[in-house]
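Written out below as structure tokens is the structure these notes cover.
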Amino acid sequence: MFQYHCLNPIAEKGLKLFGDNYKKTESADQCDAILVRSAKMHDMELPKSVCAVARAGAGVNNIPVKEYAEQGVVVFNTPGANANGVKELVLAGMLLASRDIVGGIEWVAQEKDKEHIGKLAEKQKKQFAGCEISGKKLGIIGLGAIGAMVANAACGLGMEVYGYDPYLSIDAAWNLSRTIKHSKSLDEIYSQCDYITIHVPLLDSTKKMINKEAFDKMKDGVVLLNFARDLLVDEDALIEAVESGKVKKYVTDFANETVAGREGILVTPHLGASTEESEENCAEMAVKEIRDYLENGNIRNS
Ligand code: MLT
């Protein structure tokens, strides 16, 4: 009988896949495996009995992967399992940055004279005018599972898509729309694109990769989208770029004290993978990985 501990109710959505041979424990002590979503594992002492940790998500920056490897603990993640959920929020972010949907909805909700709202709306609508994304240039930094889905969807919406990914595999390239232009350098993305979206993991080498130097190379009035990790962007440089108008809108899924409540910045509270489908897919993939490891010793991805 294997024992597992679950650190997040969302990760529990896949637990039905564990058969009779598994027991869920109330504490992490004595368990063989841990399922986790966003909890910071750096703060938790791992019991000696644990040999596998599975993250229901793609990023593993909440897990001390190197230390676990030294202790012989295998770390799994679920790449691609929530890609569609994140892709849809990125597209929504692009549209929200281009059309004043939020301003328009707020105005209708707050206008007291509901009896004459139709007439008033016709007068007010000028202030909510926006622009279309079709025909605009979108730069995608990183063409992994999420970046590739965003790329294909954006082509379908009539955008001119530029992708930058020096690690793109042949298999991944086959699944990309033929109309995507592959950029040889980030500078090309920065200098050409009206919209730029980041889809790279947070590593020492990518931390603050979007910094003052990068902003200086971007077009005036660029829209920057960050649904990957907040630390990829140097937020001091970002605030300067937003205040100067270099960045027309910054759309991010990572709320913190620096970006919240600022003009020109649209923030959601890490909702990219928060859909029924993504949560279930991630949990199921995580459970299958743990089972395959505990029962057969297979390491499918880590
Ligand atoms: C991810 O890394 O895939 C996301 O952070 C998942 C999540 O929202 O938990």
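Numbering (numbering that gives the first Met the number 0), first residue to last: 0 to 301. Backbone N, C-alpha and C fix where the C-beta goes; we use that ideal spot for every residue, glycine too. These numbers come from a predicted model, not from an experiment.
Excluding sequence positions up to five before and after Gln29, its CB lies within less than 8 Å of the CB of Gln2, Pro46, Ser48, all in the same chain and listed in chain order. According to the DSSP secondary-structure assignment, Leu34 is paired through a beta bridge with Cys5, Ala53. Nearest C-alpha to Ala27 among Leu16, Leu6, Ala38, Lys15: Leu6.
Taking 7 Å as the cut-off, the beta carbon of Asp291 is found no closer than this to the beta carbon of His269. Using a Cβ distance threshold of 7 Å, Ala147 and Leu175 count as a contacting pair. Between the beta-carbon of Val250 and that of Val286 there is about 33 Å, and that puts the pair past the 8 Å contact cut.
Your pair Asp99 and Gly129 checks out as a contact, with CB atoms roughly 5 Å apart and the cut at 8 Å. For Leu223, the enclosing beta strand (DSSP E) covers residues 221-225. DSSP, reduced to helix, strand and coil, places Val59 outside both helices and strands of the structure shown, so it counts as coil. Listed by position in the chain, the residues whose beta carbon lies within less than 6 Å of some heavy atom of the ligand MLT are Arg36, Ser37, Gly56, Ala57, Gly58, Asn81, His269, Gly271, Ala272. Secondary structure of Ile104 (DSSP, three-state): helix. When the five nearest sequence neighbours on each side are left out, the beta carbons in the same chain lying within less than 6 Å of the beta carbon of Ile289 are those of Ala32, Ala51, Ala53, in order along the chain. In this structure, the CA atom of Gln191 is about 8 Å from the CA atom of Met217. Bounds of the alpha helix (DSSP H) holding Gly155 are 144-155. Taking a 10 Å sphere around the C-beta of Val101, we find fewer than 16 other C-beta atoms and assign the residue as exposed.
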